[in-house]
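Peer 1: So in this note's numbering the end of the sequence shown lands on 348, straight run, no missing numbers.
Can you keep this structure in mind? I'll have questions shortly.
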Amino acid sequence: MSNSENSDPKADSLFSVGAGRTHMEEPADVTMKLTLPRGRRGRGVLIPTVRVVAGPDLLQFVTLSGGQEMVIGRDESAGLVLGDASVSRNHASLRCDDGGEISVYDLGSTNGTAVNGATVQRALLRPGDHLEIGAVSLRLDLLGLDELHHLSRVLERMRAAGTDPLTGLQTRAWLDERLPALLARCEDAGQPFSVIFLDVDRFKSINDTFGHRVGDQVLQALARLVLLDVRDSDTCARYGGEEILVFLPGTDEKGAADVAERLRKTIGTHDWSRTAVGLKVTASLGVAQKLPEEEIAFWLDRADRAMYQAKQSGRNAVRSASEPPSEAVAAAPAPS
């Protein structure tokens, strides 16, 4: 099916982001059905997109179009800049021919280029293929315009001034400076407001087993996965070492529990082995809808206690503050 059969006036141009650089690209002649994130059901052409799927550069991406060639490497002039030391200055080249076929060429790199685990000098790429540039993992996908614009906004939010330097999320200061006004607007409009309290399961064990560098990479990846899976109007803040709060204006507790369950699945099914061999990461999540006239501290405490109920029930679970804990859960000590 050609683009002419799925014409989309927004497809004249789109953002391509690589290591902080933004430029405009023309879409390639490729279409495919894809499930988009919550609240985004953009239709029409889907764009060949190569994005980082693990490590500090997670979510960095470039789009490709017919007749285009792009270099991946550490050099600042590269189309996709990767800062990892295992990446050569000019490591590999991506080429998209006029028919939309995409190939990767190794440019004599020090640490090599691989496709789906096999070292290559040149290879044809298909949607879903994994590309290894040195130690950096990327994947070729076909993404819709709505998803690409959302991805661009996620990266912009992470680079905003005042965000947590490790995760790119808002800091606890946001809760004092911005949250009260946001809550007041929702209350004035008669809209519900819920929060998700997310805590990484056995995070100390991850640090002890794999080292603090991997622990930091887990938090970086977790933040990006959460941001990518929520709406642009939702706010994510780093609350503690491995704790993340997700604020959902206009969402009741049931809707927030649905979001939390999706986040739990996203985290649990992410390919963490590309961060460290043998690494598995899960999270426990608590959900609470703010009650009328309730103080913020009490609201967050209810979400926190719901999260601990999730941990006490076996971890890798979602619990809502309105759910009464079982006797076994209520009597159990709080796990990590």
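Backbone N, C-alpha and C fix where the C-beta goes; we use that ideal spot for every residue, glycine too.
Since Pro204 and Gln301 are thought to touch, with beta carbons under 8 Å apart, how far apart are those beta carbons, to the nearest angstrom?
Peer 2: Yes, Pro204 and Gln301 are in contact; Cβ-Cβ is about 6 Å, under 8 Å.
Peer 1: In three-state DSSP terms, what is Ala296?
Peer 2: Here the sequence assigns Ser to residue 296, which means Ala is not the residue at that position. Here Ser296 sits in strand by DSSP.
Peer 1: State the beta-bridge partners of Val349 as determined by DSSP.
Peer 2: Residue 349 lies beyond the stretch modelled for the chain, which goes from 13 to 348, so this question has no answer here.
Peer 1: Let's see if you can read the secondary structure: which residues bound the beta strand (DSSP E) around His142?
Peer 2: Where His142 is concerned, the enclosing beta strand (DSSP E) stretches over His142 to Ile145.
Peer 1: Compare the C-alpha of Ala288 against each of Val242, Asp228 and Ile84 and name the closest.
Peer 2: That would be Asp228, whose Cα lies nearest to the Cα of Ala288.
Peer 1: From the DSSP output, in three-state form, read off Gly85 for me.
Peer 2: Here Gly85 sits in strand by DSSP.
Peer 1: For the putative contact between Ala104 and Ile84, defined by C-beta atoms under 8 Å, what is the C-beta separation to the nearest angstrom?
Peer 2: Contact flag correct, Cβ pair sits at about 5 Å.
Peer 1: Residue range of the beta strand (DSSP E) that Arg63 falls in?
Peer 2: Unbroken beta strand (DSSP E) run through Arg63: Leu58 to Val64.
Peer 1: Residues in the same chain with beta-carbon distance under 6 Å from Trp186, minus the five sequence neighbours each way, listed in chain order, please.
Peer 2: Answer for Trp186: Ala249, listed in chain order.
Peer 1: Just to confirm my understanding: we take Met319, look at its own chain, exclude 5 residues before and 5 after, and list those with CB closer than 8 Å. What are they?
Peer 2: Once the five neighbours on either side are set aside, the close Cβ partners of Met319 are Phe209, Leu210, Asp211, Ser296, Leu297, Gly298 and Arg331.
Peer 1: Just to confirm before moving on: does the CB-CB distance between Gly113 and Thr125 stay below 9 Å?
Peer 2: A small fix is needed here, since residue 113 is Glu in this sequence, not Gly. Taking 9 Å as the Cβ cut-off, Glu113 and Thr125 do not qualify as a contacting pair.
Peer 1: Counting only runs that start and end within the region 119-201, where is the alpha helix (DSSP H) found for 4 or more residues in a row?
Peer 2: DSSP runs (the alpha helix (DSSP H)) wholly in the region 119-201: 157-171, 185-189 and 191-200.
Peer 1: DSSP state of Leu76, grouped into three classes?
Peer 2: Of the three classes helix, strand and coil, the one that applies to Leu76 here is coil, per DSSP.
Peer 1: Please state whether DSSP places Val242 in a helix, a strand or coil.
Peer 2: In this structure, Val242 counts as coil in the three-state DSSP scheme.
Peer 1: Could you spell out the range, first to last residue, of the beta strand (DSSP E) harbouring Arg314?
Peer 2: Per DSSP, Arg314 belongs to no beta strand (DSSP E); it is in the alpha helix (DSSP H), Ile308 to Gln324.
Peer 1: Grab me the residues of Asn128's own chain with a C-beta within less than 7 Å of its C-beta, minus the 5 sequence neighbours each way, in chain order.
Peer 2: Closer than 7 Å at Cβ, skipping near neighbours: Asp141 and His142.
Peer 1: Assuming His282 contacts Leu237 (C-beta within less than 8 Å), just tell me the rounded distance between them.
Peer 2: That belief holds up - the Cβ atoms of His282 and Leu237 are roughly 6 Å apart, short of 8 Å.
Peer 1: Check Arg106 in the structure and name its three-state DSSP category.
Peer 2: According to the sequence shown, residue 106 is Leu rather than Arg. Looking at Leu106 - three-state DSSP - the assignment turns out to be strand.
Peer 1: Here's the rule: buried if 16 or more other CB atoms are within 10 angstroms of the residue's CB, otherwise exposed. What is Pro336?
Peer 2: Counting Cβ neighbours within 10 Å, Pro336 comes out exposed, since fewer than 16 surround it.
Peer 1: Under 8 Å, with one C-beta from each stretch per pair, do the region 58-78 and the region 158-165 reach the 3-pair mark?
Peer 2: Touching, yes.
Peer 1: Using a 10 Å radius around the Cβ and a threshold of 16 neighbouring Cβ atoms, would you call Ala206 buried or exposed?
Peer 2: It should be noted that the sequence gives Ser, not Ala, for residue 206. With 16 or more Cβ atoms within 10 Å of its Cβ, Ser206 is classed as buried.
Peer 1: Which term fits Arg50, buried or exposed, when burial requires 16 or more other beta carbons within 10 angstroms of its beta carbon?
Peer 2: Caution applies to Arg50, whose pLDDT of 43 falls short of 50 and renders its modelled position unreliable; the value that the coordinates give is listed next. Arg50 is exposed by the Cβ-count criterion.
Peer 1: Give the DSSP-derived three-state secondary structure of Ser217 in the structure shown.
Peer 2: It is helical.
Peer 1: What is the DSSP secondary structure of Thr278, counted as helix, strand or coil?
Peer 2: In this structure, Thr278 counts as helix in the three-state DSSP scheme.
Peer 1: Any idea if Gly290 is buried or exposed, counting beta-carbon neighbours within 10 angstroms, 16 or more meaning buried?
Peer 2: Its Cβ having fewer than 16 others within 10 Å, Gly290 is exposed.
Peer 1: Whose C-beta lies closer than 6 Å to the C-beta of Ala97 among residues of the same chain, with five residues either side of it excluded?
Peer 2: Excluding residues within five positions, none has a Cβ falling inside 6 Å.
Peer 1: First and last residue of the beta strand (DSSP E) that includes Arg250?
Peer 2: Taken as a continuous stretch (DSSP letters only), the beta strand (DSSP E) holding Arg250 covers Thr247 to Arg250.
Peer 1: Report buried or exposed for Leu136, applying the criterion of at least 16 other Cβ atoms within 10 angstroms of its Cβ.
Peer 2: Leu136 should be labelled exposed.
Peer 1: Relative to the C-alpha of Asn102, which residue among Gln72, Gly120, Gly111 and Asp109 is closest?
Peer 2: Closest option to Asn102, Cα to Cα, is Gly120.
Peer 1: Under the assumption that Leu167 contacts Leu71 (Cβ atoms under 8 Å), give the Cβ distance between them as a whole number of angstroms.
Peer 2: Yes, Leu167 and Leu71 are in contact; Cβ-Cβ is about 6 Å, under 8 Å.
Peer 1: Could you have a look at Val271 and say whether DSSP puts it in helix, strand or coil?
Peer 2: Helix at Val271.
Peer 1: In whole angstroms, give me the CA-to-CA distance for Glu251 and Pro68.
Peer 2: Note that residue 251 is Tyr in the sequence shown, not Glu. Tyr251 and Pro68: Cα-Cα distance of roughly 20 Å.
Peer 1: Taking the alpha-carbon of Thr247 as reference, which of Leu194, Pro177, Gly267 and Met82 has the nearest alpha-carbon?
Peer 2: Among Leu194, Pro177, Gly267 and Met82, the Cα nearest to that of Thr247 belongs to Leu194.
Peer 1: Tell me whether Arg327 sits in a helix, a strand or coil according to DSSP, three-state version.
Peer 2: If DSSP states are grouped into helix, strand and coil, Arg327 belongs with coil.
Peer 1: Where does Gln133 land, buried or exposed, given buried means 16+ other C-beta within 10 angstroms?
Peer 2: Per the 10 Å Cβ criterion, exposed.
Peer 1: Rounded to whole angstroms, how far is the Cβ of Ala235 from the Cβ of Leu181, which I believe are closer than 8 Å?
Peer 2: Indeed they touch by this definition, with Cβ atoms about 5 Å apart.
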